[in-house]
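Asks:
There are 2 protein chains.
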Amino acid sequence: MKEYAIGVDIGGTTVKLGLFDRQGQVLEKWEIPTVKEDQGSHILPDIAAAVKDRMASRGLTKDEILGVGVGAPGPVDTEGTVYKAVNLGWDVFNIPQVLQAQLDLPVKAANDANVAAFGEMWQGGGKGHANIVAVTLGTGVGGGIIVNGSILTGATGAGGEIGHIHIEDNEPDPCGCQNHGCLEQYASATGVVRLARRRLAQDQEPSILRSRSELSAKAVWDAVKAEDRVAVQIAKQFGEYLGKGLAAVAAVVNPEVFVIGGGVSKAGEILFDYIRPAYEKYVFHGCRNARFALATLGNDAGIFGAAGLIINE
Amino acid sequence: MKEYAIGVDIGGTTVKLGLFDRQGQVLEKWEIPTVKEDQGSHILPDIAAAVKDRMASRGLTKDEILGVGVGAPGPVDTEGTVYKAVNLGWDVFNIPQVLQAQLDLPVKAANDANVAAFGEMWQGGGKGHANIVAVTLGTGVGGGIIVNGSILTGATGAGGEIGHIHIEDNEPDPCGCQNHGCLEQYASATGVVRLARRRLAQDQEPSILRSRSELSAKAVWDAVKAEDRVAVQIAKQFGEYLGKGLAAVAAVVNPEVFVIGGGVSKAGEILFDYIRPAYEKYVFHGCRNARFALATLGNDAGIFGAAGLIINE
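Written out as structure tokens, the structure reads:
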């Protein structure tokens with residue numbers, strides 16, 4: 000009886016793994032280091048060894064394992080071919096093909112942000128919905144889109160790259176992608192800090208943010224919760240950008256729910272007080288009823304989604 | 000042997016019908032008037048009668064017909080339930096359920112713009128691709144999105160409503176949807192005329208457009224082809240808005256090709272000279288290689304796509 004699936008989330012420093020039952024319960028989680036030497040050629044063999052070890056120590060046979068799902072940081076097409084995961088030193092190759100040869104188990108692979116979105120749909124903030132947009136407000140702004148229960152991969156694996164929607168015509172600084180005025184420049188953790196720095200430089204209005212030795216997104220949201228006037232203005236600007244961007248996303252894919260995760264989302268539901276008014280102002284009326292929810296799986300979204308690829312598809 | 004499918008495209012004044020073979024060849028096209036009286040309650044019975052008549056006159060039995068596909072002007076969910084097609088006087092009901100009862104044939108239904116997109120993917124400008132965005136530049140700007148060969152319907156049938164992406168913060172006039180600054184206000188046929196009027200009112204620079212008794216999108220593009228300087232400026236503005244909007248769409252669904260149709264597209268491939276530079280300026284680099292193609296099915300895209308729903312899914 001095939002009762003288990005393994006979810007693997009490959010990050011730049013560690014690979015997270017999880018053993019799941021068919022019902023989506025995680026039975027065990029563990030990590031191995033990501034060895035990036037030799038163009039990342041050790042990563043998949045290390046994963047295969049880690050999976051085999053754990054199967055052996057648990058006395059699990061291949062007949063009991065449905066398969067292994069993998070999330071990788073780079074563009075991955077619907078067949079599981081990765082196109083240059085620069086953080087890992089990887090060129091172009093088919094992940095399932097390579098890993099299957101080493102494990103003799105079914106393997107599926109997809110982009111890590113998309114896999115995390117799938118996890119949030121399956122067992123997280125989007126549970127019960129088949130059409131979701133997962134938004135990760137971290138160092139950058141990532142996205143993962145699920146349409147009718149399947150990952151929207153796109154033609155070249157760039158589906159859901161919503162952090163790079165152009166949202167501001169008057170931006171002097173370049174985004175990491177070299178364009179100017181991307182959503183990521185305002186709605187990421189670093190984006191919130193940029194908005195804060197700009198606002199604080201504008202005038203001398205008193206704010207508890209001025210006494211912080213180092214500004215952070217958390218400091219800004221803590222100040223918003225303390226009803227600091229300047230911080231509230233920054234939050235409004237953040238909400239204006241993100242609400243406008245998500246309104247554009249809604250006009251394209253019309254989701255049931257936006258699931259907001261990543262470091263910035265630790266501020267909690269207060270975010271929605273600032274996103275929602277702008278979203279409603281800009282969105283097509285047919286998409287106005289989309290819900291906003293917080294991601295609930297945190298750093299485990301990747302292993303959940305990876306296992307979910309195996310169990311649900 | 001089931002060898003034929005019937006495609007039905009319900010419009011505000013006429014219903015177009017087409018008989019197709021499995022290979023996607025249209026064998027016959029005909030039309031009936033759209034009778035909107037009595038809350039549009041005659042429309043589906045009229046369609047059923049038209050289909051039965053044609054089957055009888057051709058000597059076709061039910062065993063030879065794969066089914067009937069329907070495109071309807073309003074939000075239609077994945078089950079074929081229409082939510083208030085105001086142009087037809089329709090409230091909320093399931094189109095396949097009602098039409099199947101009258102025809103005793105399999106029926107599928109979807110939104111007309113989405114069905115037309117499906118037609119362009121199957122037999123038109125997007126043939127050979129499974130991930131396309133069809134853009135209709137008509138009175139408004141419509142859209143239809145195909146992901147992995149299937150229509151992206153969205154949670155409430157508003158998937159692909161790209162005409163209502165917010166694209167301009169400084170727009171005094173309201174869009175038909177009551178928002179301000181929607182893509183449709185600049186890239187539709189009426190939008191091109193608005194841009195032209197505004198440009199002509201700015202100064203007295205000579206232009207052949209000034210001698211036109213009535214401005215139209217066609218007049219503007221004819222003037223562009225004649226290298227009228229003012230018309231070229233208008234075209235650049237049009238391209239800037241549309242390219243920016245499609246770049247946002249690309250960051251969400253990452254299509255292989257944009258298929259451009261509708262009245263404005265009659266100007267031809269010269270449109271791409273104005274859309275493409277703006278698209279490339281704003282788009283995420285992973286989506287830069289999307290192609291632009293003209294729609295080829297014209298007003299028949301709807302019947303093609305409707306038949307395609309039956310033959311391809």
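Residue numbers (numbering that gives the first Met the number 0), protein chains in the order written: chain A, 0 to 312; chain B, 0 to 312.
Note that CB positions come from ideal geometry on N, CA and C, so glycine has one too.
Using a C-beta cutoff of 8 angstroms, does residue 151(A) count as contacting chain B?
Replies: So, interface residue.
Asks: Quick one, which of 279(B), 234(B), 275(B) has its alpha-carbon nearest residue 263(B)'s?
Replies: Looking at the Cα atoms, 234(B) is the closest of the given residues.
Asks: Helix or strand or just coil, what does DSSP make of residue 42(A)?
Replies: Residue 42(A): helix per DSSP, three-state reduction.
Asks: Quick one, are the C-beta atoms of residue 199(A) and residue 236(A) less than 8 angstroms apart?
Replies: Not a contact, by the Cβ cut-off of 8 angstroms.
Asks: Identify every residue that forms a DSSP beta bridge with residue 272(A).
Replies: DSSP output for residue 272(A) lists no bridge partner at all.
Asks: Taking the alpha-carbon of residue 152(B) as reference, which of 252(A), 169(A), 246(A), 31(A) has the nearest alpha-carbon?
Replies: The shortest Cα separation from residue 152(B) among 252(A), 169(A), 246(A), 31(A) belongs to 252(A).
Asks: Any C-beta of chain B sitting closer than 8 angstroms to the C-beta of residue 278(A)?
Replies: Residue 278(A) does not count as touching chain B.
Asks: Tell whether a beta-carbon distance below 8 angstroms holds between residue 296(A) and residue 123(A).
Replies: Closer than 8 angstroms, so yes.
Asks: Looking at chain B, which residues of the stretch 88–109 of chain A have a Cβ within less than 9 angstroms of any of its Cβ atoms?
Replies: So the list is empty, because no residue satisfies the distance condition.
Asks: Taking C-beta to C-beta, are residue 293(B) and residue 259(B) nearer than 8 angstroms?
Replies: It is a contact, given that the beta carbons lie within the stated cut-off.
Asks: Is residue 189(A) buried or exposed, if buried means 16 or more other CB atoms sit within 10 Å of its CB?
Replies: So residue 189(A) ends up on the buried side.
Asks: So if I threshold CB-CB distances at 7 angstroms, which residues from the stretch 238–259 of chain B count as touching chain A?
Replies: Within the stretch 238–259 of chain B, the residues whose Cβ lies closer than 7 angstroms to some Cβ of chain A are 243, 246, 247, 248, 250, 251, 252, 253, 254, 255, listed in chain order.
Asks: On the DSSP bridge list, what partners appear for residue 165(B)?
Replies: Beta-bridge pairing links residue 165(B) to 181(B).
Asks: With a Cβ-Cβ cutoff of 8 angstroms, do residue 238(B) and residue 277(B) count as a contact?
Replies: Yes; because the gap between Cβ atoms is below 8 angstroms, this pair is in contact.
Asks: Can you give me the start and stop residues for the alpha helix (DSSP H) that residue 239(B) sits inside?
Replies: Note, residue 239(B): alpha helix (DSSP H), 228–252.
Asks: Excluding the 5 residues preceding and the 5 following residue 274(B) in the sequence, name in chain order all residues of the same chain whose CB lies nearer than 6 angstroms to its CB.
Replies: The residues are 238, 241, 242.
Asks: Taking C-beta pairs closer than 7 angstroms, name the residues in chain A that residue 283(B) reaches, listed in chain order.
Replies: Ordered by position in chain A, the residues that pass the 7 angstroms Cβ test against residue 283(B) are 157, 160, 163, 176.
Asks: With a threshold of 6 angstroms on Cβ separation, who are the neighbours of residue 308(A) within its own chain once the five nearest residues in sequence on each side are excluded?
Replies: Cβ neighbours of residue 308(A) beyond the five flanking positions: 68, 107.
Asks: Run through chain B and tell me which residues come within less than 7 angstroms of residue 146(A), C-beta to C-beta.
Replies: Near residue 146(A) (Cβ distances below 7 angstroms), the residues of chain B are 146, 151.
Asks: Counting only beta-carbon separations shorter than 8 angstroms, does residue 86(A) have a partner in chain B?
Replies: False, the Cβ-Cβ gap to chain B never drops below 8 angstroms.
Asks: Using a Cβ-Cβ distance cut-off of 8 angstroms, determine whether residue 154(B) contacts chain A.
Replies: At least one chain A Cβ lies under 8 angstroms of residue 154(B).
Asks: Under 8 angstroms between the Cβ atoms of residue 142(A) and residue 133(A)?
Replies: Yes, the pair counts as a contact, with Cβ atoms nearer than the cut-off.
Asks: What runs of the alpha helix (DSSP H), each 4 residues or longer, lie entirely inside the stretch 36–103 of chain B?
Replies: Those alpha helix (DSSP H) runs which fall completely within the stretch 36–103 of chain B and span 4+ residues are 36–39, 42–57, 94–102.
Asks: Apart from the five residues just before and just after residue 304(A), which ones in its own chain have a Cβ nearer than 6 angstroms to its Cβ?
Replies: Hits under 6 angstroms: 114, 115, 117, 118.
Asks: Of all Cβ atoms in chain A, is any one closer than 8 angstroms to the Cβ of residue 77(B)?
Replies: Closer than 8 angstroms to some Cβ of chain A, the Cβ of residue 77(B) qualifies, so yes.
Asks: How about residue 72(A): is its C-beta nearer than 8 angstroms to some C-beta of chain B?
Replies: Answer no: the Cβ-Cβ gap between residue 72(A) and chain B never drops below 8 angstroms.
Asks: Can you tell me which of 225(B), 54(B), 34(B), 185(B) puts its alpha carbon nearest to the alpha carbon of residue 170(B)?
Replies: Nearest C-alpha to residue 170(B): 185(B).
Asks: How close, in whole Å, do the beta carbons of residue 71(A) and residue 84(A) come, if the pair is a contact with beta carbons under 8 angstroms?
Replies: Indeed, because the Cβ distance is near 6 angstroms, the residues count as touching under 8 angstroms.
Asks: Check this for me: beta carbons of residue 17(A) and residue 28(A), under 8 angstroms apart or not?
Replies: A contact, by the Cβ cut-off of 8 angstroms.
Asks: Which residue's Cα is closest to the Cα of residue 250(A): 165(B), 22(B), 226(B), 180(B)?
Replies: Closest by alpha carbon: 165(B).
Asks: Measure from the alpha carbon of residue 291(A) to the alpha carbon of each residue in 270(A), 7(A), 299(A), 300(A), then state which is nearest.
Replies: Among 270(A), 7(A), 299(A), 300(A), the Cα nearest to that of residue 291(A) belongs to 270(A).
Asks: The beta strand (DSSP E) with residue 28(A) in it runs from where to where?
Replies: Its beta strand (DSSP E) spans residues 25–32.
Asks: Going by beta carbon distance, what residues of the same chain come within less than 7 angstroms of residue 20(B), once the five residues before and after it are set aside?
Replies: For residue 20(B), where only same-chain residues beyond five positions count, the Cβ hits under 7 angstroms are 2, 3, 26.
Asks: Can you pull the DSSP bridge partners for residue 259(B)?
Replies: Bridge partners of residue 259(B): 134(B), 293(B).
Asks: For residue 280(A), which three-state DSSP category applies?
Replies: Of the three classes helix, strand and coil, the one that applies to residue 280(A) here is helix, per DSSP.
Asks: Would the beta-carbon of residue 229(A) fall within 8 angstroms of that of residue 204(A)?
Replies: Contact: yes.
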